[in-house]
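In full-length UniProt numbering, the protein residues as written are 1 to 366.
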């Protein structure tokens, strides 16, 4: 584990720390913890890549939140981090092994044979998070409520981790779980599910890392890029806006988020087994918030209405699964939201972020 936080590409308000994990067959494995500390740190002149706390102790946060990204993704959702910090929280995110900041040369991008492997990433990140809070604020921070947040596949991973909290000795008791468009079931009908399951199981036996013939999710990438077929402005763009939803797009580094990342047989099998665990025996007893779009459209061709719906997953499946996995769950269906609700157009985004921060503040416990 590294001893210092280093500057992060997101800017001066963000720092990152590389955390060592147990090596696998591809060699060294790491996960990366990112924190949002606006104006709290200063760069030393002798070590320009190293950050250290300023002489002024910041106010004690009222809670902390750890965010987990989705498949083919990494942390760059600054509206989320800024909203958590502005509401009095301490924001952290993790780039899971073999994604984003944690991808090392020679590794298979995003590959795993089990969703359970990420328990190590999350546990190590939680320990580093707690150590950082203690170092910055002292022992008074040791009892801060901590929330776990997951988007899409990260929502699946977070839900499985929260369920495991009843059975395993995780380093922190969770105050709540926040799921942003979680992938809790395979979209499509019975025939699609049967075919996908057989393909994943057979492929895993023959060649786990074989790339499956799955079409890319281009429509979602189009919304993130603020793309148009003719290269012009997005129809309906408000005059004078600088909102990335309309102008320029969101993702700052597409090399860290490949637009056509490979879907491998072993990985798909791991996801489907995670779905099976969610369906059969996942029961979460902490407060849960689920945010989704109000509508899904899983079409192949592009049309402008797709900028206000989930083009990746079936929201009705999310609602159905969510009602079964948790006793205390709030499901918020947000009109005009996209798959990552925190990257929707500004009014929708602000609505989603207000719901998230309100949930955290309502479920504080010491």
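The beta-carbon is built from N, C-alpha and C at its ideal position, and this holds for glycine as well. The model shown is predicted, which means the values in this text are computed figures rather than measured ones.
Can you tell me whether residue i is helix, strand or coil according to DSSP?
i	result
residue 322	helix
residue 51	Only weak support is given to the placement of residue 51: the predicted model assigns it a pLDDT of 46, under 50, and the value that follows is read from those uncertain coordinates. Three-state result, residue 51: strand.
residue 79	helix
residue 354	helix
residue 149	strand
residue 203	helix
residue 369	This structure cannot settle anything about residue 369, because the visible part of the chain is limited to 1 through 366.
residue 336	coil
residue 347	helix
residue 187	coil
residue 242	coil
residue 219	helix
residue 115	helix
residue 32	strand
residue 316	helix
residue 12	strand
residue 254	coil
residue 278	helix
residue 227	coil
residue 25	coil
Buried or exposed: which applies to residue i, given that a residue is buried once 16 or more other Cβ atoms fall within 10 Å of its Cβ?
i	result
residue 16	buried
residue 35	buried
residue 161	buried
residue 42	Caution applies to residue 42, whose pLDDT of 36 falls short of 50 and renders its modelled position unreliable; the value that the coordinates give is listed next. Per the 10 Å Cβ criterion, exposed.
residue 348	buried
residue 181	buried
residue 352	buried
residue 22	exposed
residue 191	exposed
residue 215	exposed
residue 307	buried
residue 124	buried
residue 99	buried
residue 49	Since pLDDT at residue 49 reaches only 43, below the 50 mark, its modelled position is unreliable, and no value is offered.
Less than 9 Å between the C-beta atoms of residue i and residue j, yes or no?
i	j	result
residue 117	residue 66	no
residue 253	residue 9	yes
residue 177	residue 61	no
residue 64	residue 75	no
residue 275	residue 170	no
residue 18	residue 101	yes
residue 336	residue 296	no
residue 81	residue 137	no
residue 406	residue 115	With the chain running from 1 to 366 in the structure shown, residue 406 is simply not present.
residue 246	residue 258	no
residue 196	residue 186	yes
residue 212	residue 200	yes
residue 263	residue 290	no
residue 165	residue 33	no
residue 342	residue 356	yes
Since residue i contacts residue j with CB under 8 Å, what's their CB separation in whole angstroms?
i	j	result
residue 104	residue 121	Wrong, their Cβ atoms sit about 14 Å apart, outside the cutoff.
residue 150	residue 158	3 Å
residue 26	residue 107	5 Å
residue 224	residue 249	6 Å
residue 87	residue 360	7 Å
With a threshold of 8 Å, establish whether the CB of residue i neighbours any heavy atom of the ligand FAD.
i	result
residue 289	This structure lacks the ligand FAD, and indeed carries no ligand of any kind.
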